[in-house]
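FYI, our numbering numbers position 71 of the sequence shown as 1434, with every residue one higher than the one before it. The structure appears right after this line, and notes come after that.
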Amino acid sequence: MKVQDKVFVITGGARGLGAGMAAHLASQGSHIALIDIDQASVDKTASVLSTNGILVKGYECNITDEAEVETTFAKIKHDFGRIDGLVNNAGIMRDGMLIKVKEGELVGKMSLQQWQSVVDVNLTGTFLCGREAAAIMALQDDGGVIVNVSSVSRAGNMGQTNYSATKAGVASMVVTWARELARFNIRVGGIAPGLIATEMTAQMKPEAIERLLKSVPLGRLGEVDEMAHTLQYIVENDYFTGRIIEMDGGVRV
Ligand code: NAI
């Protein structure tokens, strides 16, 4: 599928990887619906990306809320007429150890709230948006493409019980959906990025970044443009489905 003149929905599109992928697609002539919980930022990003001949609109929506997601996808279908692609990108991190022990005493546990908040956004949000997009694409003659954003952490990572579990979950949805939705001409792919330079990584301590980079063979953070390039490959390669591309500078063992 060529990206020009196609309609893409990108969740978590107000900033970071979502906004970067949106900018890339818009520069190639795609129309974009940005979904984000942060209305002011999503409206700002939409207005920056809008240029002549390209429709870019922002939608405030909490992707953990079923009714909001259903209404938002119905609005997007109404505003754009169709949906050719969905990028399930919105995600959060609430890192912490499963348990903390100090001098023989239990001093902390990952709270249920810490677990649930990440499951709600990363896993349930991806499920709800994928379901609504598929329901629209399946009734179009020419299907569409769905891309879930996973992470190198899907293999399991210290301090990320919640995040790793959700990123493994969205990767398994890629395989399930590819099998279920191929009959409607809907392809489904995933991207498992390593550390990419965004607002999220900018909040990390420089020492932490430096430590992490020691394990990256390419010795640097990935760029948002490199992520967008991977997305474009999945969208444009009509024989690609049910697989995850690892885009991580070689960090994954
Ligand atoms: P970010 O934190 O910069 O942006 C995430 C966006 O999602 C924000 O605009 C936020 O408002 C939105 N969002 C959060 N909760 C939401 C909700 N309930 N409903 C709707 N929107 C919501 O994150 P970044 O770095 O751009 O990451 C994007 C995706 O890539 C995430 O799924 C993340 O887990 C994944 N990822 C990022 C990596 C990185 O190095 N930046 C590495 C591996 C994966």
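Backbone N, C-alpha and C define an ideal beta-carbon position, used for all residues, glycine too.
In this structure, aspartate 1401 sits near alanine 1377, with a CB-CB distance shorter than 7 Å.
A Cβ-Cβ distance of about 7 Å is found for the pair tyrosine 1422 and lysine 1438, placing them in contact under the 8 Å criterion. The closest heavy atom of the ligand NAI lies 6 Å or more from the beta carbon of arginine 1494. Counting C-beta pairs with one atom in each stretch, the segment 1546-1564 and the segment 1589-1605 have three or more that are closer than 8 Å, which means they touch. Excluding the 5 residues flanking it on each side, alanine 1541 has same chain C-beta neighbours closer than 6 Å at Val1551, Thr1604, Gly1605, in chain order. Remark: three or more beta-carbon pairs, one from each stretch, lie closer than 8 Å, so the segment 1444-1457 and the segment 1478-1493 are flagged as touching.
Judged by DSSP in its simplified three-state form, glycine 1383 adopts helix.
Runs of the beta strand (DSSP E) lying entirely within the segment 1512-1591 and spanning at least 3 residues, in chain order: 1549-1556. About 7 Å separates the Cβ atoms of valine 1587 and alanine 1560, confirming a contact at the 8 Å cut-off.
Between the alpha carbons of leucine 1412 and methionine 1567 lies a distance of about 27 Å. Only residues of its own chain outside the window of five on either side were considered, and among them Val1366, Lys1369, Phe1371 have a CB closer than 6 Å to the CB of serine 1393, listed in chain order. The shortest CA-to-CA distance from isoleucine 1398 to any of Ala1430, Phe1547, Asn1451 is the one to Asn1451.
Relative to the ligand NAI, glycine 1379 has its C-beta within less than 6 Å of a heavy atom.
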